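I have placed the structure first, in the form of structure tokens, so that the comments after it can refer back to it.
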Amino acid sequence: MVTIFENIKKIAIKIDKAIKEEDLGYSNNCNATGDNQLKLDVASDALIEHELKTNRLIKALISEEKEDIMKVNQDGKYTVCYDPLDGSSIVDVNLSVGSIFGIYEGDNLSGDGLVAAAYVVYGPRLELVTVVKGQPAHHYRSGSSGLFSSQCDIYLNEKGKLNAPGGTQKNWSATHKKFIDSLFAEGYRLRYSGGMVPDLHQILLKGGGLFSYPGTTDKPNGKLRILFEVLPFALIYEAANAEAIDDKGNRLLEITPKHHHDTTPCFFGSKYEIAKLKEAYELNG
Ligand code: AHM
Ligand code: MG
């Protein structure tokens, strides 16, 4: 696992440089989900593929930007699923974006098969969070030497102060709207950039809160992809003394997608906020 995290550190430094220096315009392509791809999406995807293909431990790669599984080493142990550049719709306005990696055992592409995860934040600083199943999530920051220095293990408080509500409000259910309003009425502060990496990172480093991306009338299964986006953060949140559930109250880590580009409604938060959510959605048995 250490060697895969070392690959991710190298990738992070290269993508950070590309974001700062390369063309931000659109390519002529669409990805597997039909989104227009930025030249940076394509460049980040190629960079990650090139670096991870050098690692003998990797059996296969699946990119959010591609339809098909890429076979790498027949004898490899892991499939790495990644979102090369999450938040590409906000990269042009110079907000923080990220890359997300889920490392799955063999062909077991499910919450149960997820054995490690990592994400990179490309912001004013370059940061990395990694987790191995059963161990704490750990925060790193890149210094001027280009090396990542270890910061701390991450733990959320039982209750936080931040509320990051995703999805178009006019398409929320009445239940969801009432619940989000109740958090604001209780004193929670709005913190939502439109990039799940910086939004979830902020909650992790500020001690807690809630990030939600519910099912909406236009997207009943939410927007965020299970293998590339949802499960890696679910592993990190659970390791950080927090919870990650869907709109039925199931742990996200119990999900097995039918297809690798499937999405799910998702909620990540400290214990108090998730308990409030279950109450509001009447999920307590
Ligand atoms: P992307 O992978 O196409 O960038 O989309 C994922 C992003 C997440 O980072 C973020 O949480 C979400 O889309 C924001 O969606 P919305 O614009 O509906 O708030
Ligand atoms: Mg994404």
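When we follow this note's numbering, the leftmost residue of the sequence shown carries the number 1, and every step to the right adds one.
By construction, the Cβ of each residue, glycine as well, lies at the ideal position given by its N, Cα and C atoms.
Just so we're clear, the structure is a prediction, and the values are computed from it rather than from any experiment.
Backbone secondary structure at residue i - three-state DSSP
i	result
Ala240	coil
Lys59	strand
Lys287	For the chain, the structure presents residues 1 to 285; residue 287 sits outside this window and is missing.
Thr54	coil
Asp153	strand
Leu283	coil
Val91	coil
Asn171	helix
Leu109	coil
Contacts around residue i, its chain only, beta-carbon distance under 6 angstroms, and the 5 residues preceding and following it disregarded
i	result
Leu183	Asn163
Lys77	Leu57
Asp16	Tyr122 and Leu126
Ala234	Ala244, Leu252 and Leu253
Ile19	Tyr122
Residue range of the alpha helix (DSSP H) that includes residue i
i	result
Val197	Met196 to Leu205
Tyr272	Lys271 to Ala280
Val2	Val2 to Glu21
Thr175	Ala174 to Ala185
Identity of the residues DSSP links to residue i by a beta bridge
i	result
Pro165	Ser212
Leu114	Tyr104
Val121	Gly98 and Glu127
Phe148	Ser142
Thr263	Arg225
Lys71	Ala60
Ala137	Ile154
Leu190	Asn163
Phe268	Phe211 and Ala244
Beta-carbon spacing of residue i, residue j below 7 angstroms
i	j	result
Val120	Ala280	no
Asp23	Pro84	no
Gly160	Gly209	yes
Asp153	Ser88	no
Val132	Ala116	yes
Ala367	Ala137	With the chain covering only 1 through 285, there is no way to say anything about residue 367.
Thr289	Asp246	With the chain covering only 1 through 285, there is no way to say anything about residue 289.
Gly98	Val230	no
Ile236	Pro257	no
Ser193	Leu277	no
Lys14	Leu52	no
Tyr213	Leu204	no
Span of the beta strand (DSSP E), counted from its first residue to its last, around residue i
i	result
Asp83	Tyr78 to Asp86
Contacts around residue i, its chain only, beta-carbon distance under 7 angstroms, and the 5 residues preceding and following it disregarded
i	result
Lys59	Val72, Asn73, Gly76, Lys77, Tyr78, Thr79 and Gly106
Gly134	none
Glu158	Ser270, Lys271 and Tyr272
Gly215	Asn221, Gly222, Asp247 and Pro265
Gln202	Leu162 and Arg191
Glu21	none
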